[in-house]
Amino acid sequence: MCAKPIKQDPRDKVGTTGHNWDGIEELNNPLPRWWLWSFYACIAFALVYSVLYPAWPLIHGATPGILGASTRADVAVEIKRFDDLNAPIKAKLVAADLTAIEKDDGLKSYAMEAGKSIFATNCAPCHGAGAAGVQGKGYPNLLDNDWLYGGSIDAIHTTITHGVRNTVDPDARNVGIVMPAWSDKATGAMADAATTKLNDEQVGQVVNYVLKISGQTADEAKATAGAQIFADNCAACHGADGKGNRDMGAPNLTDAIWLYGGSEATLTQTISYGRAGVMPTWGYAPQGSAPRLSEDQIRAVAVYVHSLGGGE
Amino acid sequence: MSSTDEPKLYAAREPIFPRRVSGKFRTLKWWLMGLMLGVYYLTPWIRWDRGPQMPDQAVLLDLSTRRFFFFMIEIWPNEFYFVAGLLIMAGLGLFLFTSAAGRVWCGYACPQTVWTDLFILVERWVEGDRNARIRLHRQPWNWEKLIKNGIKWSIWLLIGLATGGAWVFYFTDAPTLMSNLIHGTAHPVAYLTMAVLTFTTFFFGGFAREQICIYACPWPRIQAAMMDEDTITIGYRSWRGEPRGKQTVAGNGDCIDCMACVNVCPMGIDIRNGQQLACITCGLCIDACDTTMDKIGKPRGLIGYLALTDEPLERAGQHDKPVWKHILRPRTILYTVLWAGIGVGLVVALFLRSNLDVSISPVRNPTHVVLSDGSIRNTYNMRLRNKHGEDRWFVFSATAGGDVTLALDGTEELRVLVKANETREQRLYVTAKAGTVAASAHHMPLRIWISDASGPTLPDTGGVIPKAERIYKDTIFNGKDD
Numbered sequence: 564m565c566a567k568p569i570k571q572d573p574r575d576k577v578g579t580t581g582h583n584w585d586g587i588e589e590l591n592n593p594l595p596r597w598w599l600w601s602f603y604a605c606i607a608f609a610l611v612y613s614v615l616y617p618a619w620p621l622i623h624g625a626t627p628g629i630l631g632a633s634t635r636a637d638v639a640v641e642i643k644r645f646d647d648l649n650a651p652i653k654a655k656l657v658a659a660d661l662t663a664i665e666k667d668d669g670l671k672s673y674a675m676e677a678g679k680s681i682f683a684t685n686c687a688p689c690h691g692a693g694a695a696g697v698q699g700k701g702y703p704n705l706l707d708n709d710w711l712y713g714g715s716i717d718a719i720h721t722t723i724t725h726g727v728r729n730t731v732d733p734d735a736r737n738v739g740i741v742m743p744a745w746s747d748k749a750t751g752a753m754a755d756a757a758t759t760k761l762n763d764e765q766v767g768q769v770v771n772y773v774l775k776i777s778g779q780t781a782d783e784a785k786a787t788a789g790a791q792i793f794a795d796n797c798a799a800c801h802g803a804d805g806k807g808n809r810d811m812g813a814p815n816l817t818d819a820i821w822l823y824g825g826s827e828a829t830l831t832q833t834i835s836y837g838r839a840g841v842m843p844t845w846g847y848a849p850q851g852s853a854p855r856l857s858e859d860q861i862r863a864v865a866v867y868v869h870s871l872g873g874g875e
Numbered sequence: 028m029s030s031t032d033e034p035k036l037y038a039a040r041e042p043i044f045p046r047r048v049s050g051k052f053r054t055l056k057w058w059l060m061g062l063m064l065g066v067y068y069l070t071p072w073i074r075w076d077r078g079p080q081m082p083d084q085a086v087l088l089d090l091s092t093r094r095f096f097f098f099m100i101e102i103w104p105n106e107f108y109f110v111a112g113l114l115i116m117a118g119l120g121l122f123l124f125t126s127a128a129g130r131v132w133c134g135y136a137c138p139q140t141v142w143t144d145l146f147i148l149v150e151r152w153v154e155g156d157r158n159a160r161i162r163l164h165r166q167p168w169n170w171e172k173l174i175k176n177g178i179k180w181s182i183w184l185l186i187g188l189a190t191g192g193a194w195v196f197y198f199t200d201a202p203t204l205m206s207n208l209i210h211g212t213a214h215p216v217a218y219l220t221m222a223v224l225t226f227t228t229f230f231f232g233g234f235a236r237e238q239i240c241i242y243a244c245p246w247p248r249i250q251a252a253m254m255d256e257d258t259i260t261i262g263y264r265s266w267r268g269e270p271r272g273k274q275t276v277a278g279n280g281d282c283i284d285c286m287a288c289v290n291v292c293p294m295g296i297d298i299r300n301g302q303q304l305a306c307i308t309c310g311l312c313i314d315a316c317d318t319t320m321d322k323i324g325k326p327r328g329l330i331g332y333l334a335l336t337d338e339p340l341e342r343a344g345q346h347d348k349p350v351w352k353h354i355l356r357p358r359t360i361l362y363t364v365l366w367a368g369i370g371v372g373l374v375v376a377l378f379l380r381s382n383l384d385v386s387i388s389p390v391r392n393p394t395h396v397v398l399s400d401g402s403i404r405n406t407y408n409m410r411l412r413n414k415h416g417e418d419r420w421f422v423f424s425a426t427a428g429g430d431v432t433l434a435l436d437g438t439e440e441l442r443v444l445v446k447a448n449e450t451r452e453q454r455l456y457v458t459a460k461a462g463t464v465a466a467s468a469h470h471m472p473l474r475i476w477i478s479d480a481s482g483p484t485l486p487d488t489g490g491v492i493p494k495a496e497r498i499y500k501d502t503i504f505n506g507k508d509d
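Just so you know, the sequences run in chain order A and B.
Per the working numbering, residue 564 is the first one in the first sequence, and the count goes up by one each step.
Per the working numbering, residue 28 is the first one in the second sequence, and the count goes up by one each step.
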């Protein structure tokens with residue numbers, strides 16, 4: 564505020580702007596001139612800026628600006644910089660023995676951080692952001708201590724690299740091996756894989772046998788009858804004791820963990836119509852293309868999954 | 028009634044040449060200026076021994092390791108509430124002082140006021156007092172004006188450089204940085220910060236001055252809401268001074284219109300116009316007027332600290348309300364209580380805080396995991412902060428309504444080593460056997476006990492770990508939800 568108006572009585576000396584609304588007049592307390600100049604300076608700055616930098620929106624994109632500045636390019640440079648910084652530790656990760664990674668603090672902390680984000684991007688859609696899978700949908704929970712194909716770091720690494728029952732990777736786990744549809748009502752490829760056709764009563768008997776060996780309430784008479792059917796048909800994969808077989812991804816039927824659910828209704832559905840879950844390959848690529856994940860990424864995510872609490 | 032002249036919507040800044048003045052407020056301001064500038068410039072150089080591997084700077088904002096050191100106090104990022112508390116106290120303190128004694132912050136303590144005061148002092152040393160400065164300002168550019176301005180600006184720049192320099196010393200070890208600055212090996216950010224602060228100090232203190240207070244600072248506006256008719260502030264006793272004019276004319280008041288109060292004002296205002304936004308209540312007009320009153324043999328205090336409620340009393344020839352009656356009123360008491368309450372809370376929190384700092388957050392995705400034997404496992408992410416200057420073992424145990432077992436990720440033992448002054452992230456697994464209360468309940472409280480064992484290596488005491496300190500954290504254990 565310039566000193567002058569304050570020294571004098573505003574009503575007499577400041578004067579008005581001449582604006583008058585119903586008798587209410589606007590006093591003229593002038594703004595400092597430097598304020599006006601800084602306003603002009605801002606306009607000048609904006610003009611210069613809009614020439615030098617991307618500014619005016621067009622239909623596709625914006626005016627590029629003569630300096631060629633691009634935040635996208637900046638980000639690309641930053642990503643490249645981080646990739647270069649990470650190159651040595653990635654090389655070390657690929658070269659290291661799988662079981663040795665977790666004993667090396669530096670490698671482990673890198674693998675955990677990288678694995679976490681790789682998991683969130685690639686694995687979470689099926690296995691869930693928290694890796695708990697989807698109960699009843701056949702997406703396994705990776706946090707528990709039950710593993711279809713083994714929970715060692717090597718087994719996890721192999722599963723991630725090749726996937727399960729996919730039609731792409733010749734080394735995928737369980738190619739051609741499924742839980743067939745045992746019901747005589749079932750049709751299609753899954754039904755063809757079954758060696759025997761079971762009628763509803765027989766299915767019910769096997770279901771009760773499975774309920775029994777998993778420690779749930781079962782009809783004793785049906786279960787006894789089901790034991791023979793189990794031994795004849797199911798034991799080949801699930802084992803005589805029903806504890807499963809990791810070589811063919813046959814689940815342990817005696818524990819508290821179920822891939823699709825352990826209730827009578829779900830078991831009836833599973834035995835009658837079969838199951839054949841699929842996991843894509845992450846490390847295999849046909850000639851001339853790149854795999855979805857590189858070896859260092861697969862190792863990182865394997866270490867991450869192995870450390871979630873159920874690793875063996 | 029628009030004036031016949033075209034109204035001017037913009038006005039040039041009118042330069043202000045405050046005259047030298049002496050008196051009790053001027054003396055107080057010199058002392059305060061010396062104290063505050065001294066504290067600001069010298070604090071980074073105070074040393075404080077914290078033992079090996081720790082910085083020995085008494086006040087240090089260590090951004091690289093995210094620590095704040097203040098003498099014996101060390102604040103970690105998770106304790107930022109201390110800083111928030113201090114800021115709230117600063118805010119309430121401003122409310123309190125403003126409602127009790129007006130804009131004392133503006134007049135005596137604000138950096139803008141203090142540095143401007145210092146810059147005006149330099150200006151007076153180089154160019155002389157008010158009249159000499161006005162003369163110099165009005166004369167055309169010649170060698171004298173050039174040299175005097177050159178000297179003045181150089182000194183201002185040096186002060187600005189010292190100001191910016193002192194600022195960066197708060198963020199890293201001052202002697203090391205000083206040496207690096209001189210040898211040109213300091214971080215570019217240090218130079219950039221110093222350059223910015225040098226320029227802003229030079230410009231704000233030398234040229235912008237009262238423009239900052241009037242146009243840039245929100246506080247003059249906010250303070251209107253903080254003050255009331257009992258607030259003690261600087262005012263002109265118009266009932267005593269008016270009509271102003273020559274003493275020889277009968278009927279005139281005490282004000283002889285000597286303009287001393289206007290000439291000393293760093294804001295260029297006339298306090299006789301009453302309370303105004305531009306007045307920072309620096310008290311210099313009181314000194315100026317008292318000097319004049321002494322000369323003409325009138326009582327002091329024509330301009331002085333008073334409250335609006337005193338005016339009717341004084342007009343009626345009565346005594347002012349005592350100062351304590353002005354100050355002690357509900358709002359000031361409320362501000363004091365709030366201010367002190369937060370202060371006491373902070374001090375208590377400061378002394379109660381543990382060197383063992385653990386935060387536990389339960390993993391909620393999923394809430395629990397069923398293991399193959401049917402037992403229920405919960406997972407907790409922990410942050411273990413070791414605030415000791417030495418490596419420490421953190422040892423875990425738990426109490427819960429049911430029987431639970433603990434396990435740590437990555438180790439067979441129930442203890443982890445946390446390095447000195449570091450934070451470690453650690454996952455904790457808590458498992459309840461199938462059929463136990465904990466496994467069947469929807470959820471139940473769980474108390475995790477953490478104790479620390481000192482020493483870089485765990486002493487061999489046959490499994491018994493000497494406990495240095497023991498804290499607990501309460502959390503929730505989720506059972507099978509069916």
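Glycine included, every Cβ here is placed at the ideal spot set by N, Cα and C.
Min CB distance residue i to chain A below 8 Å
i: T488 (chain B); result: For T488 (chain B), the predicted model reports a pLDDT of 49, less than 50, meaning its position is unreliable and no value from the coordinates is stated.
i: N105 (chain B); result: no
i: S399 (chain B); result: yes
i: L224 (chain B); result: no
i: V390 (chain B); result: yes
i: P393 (chain B); result: yes
i: T406 (chain B); result: yes
i: K35 (chain B); result: yes
i: Q238 (chain B); result: yes
i: R46 (chain B); result: no
i: R11 (chain B); result: This structure does not reach residue 11 (chain B), given that chain B is present from 28 up to 509, and the question cannot be answered.
i: Y218 (chain B); result: no
Residue i burial status per 10 Å Cβ neighbour count (16 or more: buried)
i: I186 (chain B); result: buried
i: N105 (chain B); result: exposed
i: I719 (chain A); result: buried
i: H725 (chain A); result: buried
i: I861 (chain A); result: buried
i: R248 (chain B); result: exposed
i: K414 (chain B); result: buried
i: W548 (chain A); result: Outside the shown range of chain A (564 to 875) lies residue 548 (chain A), about which nothing can therefore be said.
i: S777 (chain A); result: buried
Spatial neighbours of residue i in its chain, beta-carbon cut-off 7 Å, leaving aside the 5 residues before and after
i: P617 (chain A); result: A625, T626, P627, G628, A632
i: Q560 (chain A); result: Not covered by the structure: residue 560 (chain A). The range shown for chain A is 564 to 875.
i: E496 (chain B); result: S381, N382, L383, S478, D479
Chain B contact for residue i (CB, 8 Å cutoff)
i: L506 (chain A); result: As shown, chain A starts at 564 and ends at 875. That puts residue 506 (chain A) outside it, with no answer to give.
i: L761 (chain A); result: no
i: G802 (chain A); result: no
i: A604 (chain A); result: no
Residues that residue i bridges to, as DSSP identifies them
i: I330 (chain B); result: B:Y263
i: K414 (chain B); result: For K414 (chain B), which the question treats as bridged, DSSP gives no partner whatsoever.
i: I475 (chain B); result: B:A425, B:K500
i: I387 (chain B); result: B:M409
i: F124 (chain B); result: Partner(s): none; F124 (chain B) has no beta bridge.
i: L365 (chain B); result: Partner(s): none; L365 (chain B) has no beta bridge.
Rounded distance between the beta-carbons of residue j and residue i, thought under 8 Å
i: V48 (chain B); j: L333 (chain B); result: V48 (chain B) to L333 (chain B), Cβ: 20 Å. No contact.
i: H395 (chain B); j: K507 (chain B); result: 7 Å
i: S126 (chain B); j: Y362 (chain B); result: 7 Å
Nonlocal neighbours in the same chain, by C-beta distance under 6 Å from residue i, ignoring five residues either side
i: G192 (chain B); result: M221
i: D436 (chain B); result: R454
i: Y135 (chain B); result: L59
i: L871 (chain A); result: A694, L705, L706
Contacting residues, own chain, Cβ-Cβ under 8 Å from residue i (five flanking each side not counted)
i: Q779 (chain A); result: G825
Closer than 7 Å: residue i CB and nearest the ligand PLP heavy atom
i: A189 (chain B); result: Of ligands this structure carries none, so the ligand PLP is not represented either.
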